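Notes to accompany the following structure.
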């Protein structure tokens, strides 16, 4: 019975529902399902960061926030702290930089491991052309995704909002 319960949980956890591809290229979409932790400026310059916490009950497949060319993919080693806490900024992560179509600044999306989640898969490679809403990776169990938007963008979500990967509009280009 315990093994059957665990197998059922794994089937639930690793679900990957089909979703319609986003059509409004003036918008930036959530890279993951979950609850928005924060929206704001975290560093120097004009970078807006949107952080989303994925609980063990959320879909953990990540989706591209916009269409464009994958410019760079790299892994940054780090800690494995609770993904919903401030100290998760020190956690291990996989980072993808996308050059969007049009004259827009780069978009950086991070898959961030958590205390339980210690495995990240990324399915895109440098040079790939990717479409908004396209699946690009998975983080196993509780985790976080962070979206760093440069240039002129206006956030459409705020802390506490629920978002759905590849469906919820989280920001829009203002130029």
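Residue numbers (my numbering): 2 to 176. Glycine residues also receive a C-beta, built at the ideal position from the N, C-alpha and C atoms. Please read these numbers as outputs of a predicted model, since none were measured by experiment.
#### Entry: Residues near residue 101 in its chain [Cβ-Cβ closer than 7 angstroms; skip 5 each side]
Setting aside the 5 residues that flank it on each side, residue 101 is surrounded in the same chain by 67, 68, 69, 108, each with a C-beta closer than 7 angstroms to its C-beta; the list follows chain order.
### Task
May I ask you to report which of helix, strand or coil DSSP gives residue 157?
coil
### Minimum length 3: unbroken beta strand (DSSP E) runs contained in the region 90 to 120
Counting only runs of 3 or more, we get 94 to 101, 108 to 113.
#### Entry: Test item: CB-CB of residue 64 and residue 31 under 9 angstroms
yes
### Query
Would a C-beta distance cut-off of 9 angstroms place residue 173 and residue 147 closer than the cut-off?
no
### Message
Does the structure place the region 91 to 100 close enough to the region 108 to 125 that three or more beta carbon pairs sit under 8 angstroms?
### Response
Yes: the two stretches touch, three or more of their Cβ pairs being nearer than 8 angstroms.
### Query
Mind checking whether residue 34 and residue 60 have CB atoms under 9 angstroms apart?
In contact: residue 34 and residue 60 (Cβ atoms closer than 9 angstroms).
#### Entry: residue 73, buried or exposed, once every other Cβ within 10 Å from all chains shown has been counted against 16
exposed
### Message
Quick check: what's the CA-CA separation for residue 41 versus residue 122?
### Response
27 angstroms
### Query
What do you get for residue 91, buried or exposed, if any count of 16 or more other CB atoms within 10 angstroms of its CB means buried?
exposed
### Query
So, are the CB atoms of residue 62 and residue 132 less than 9 angstroms apart?
no
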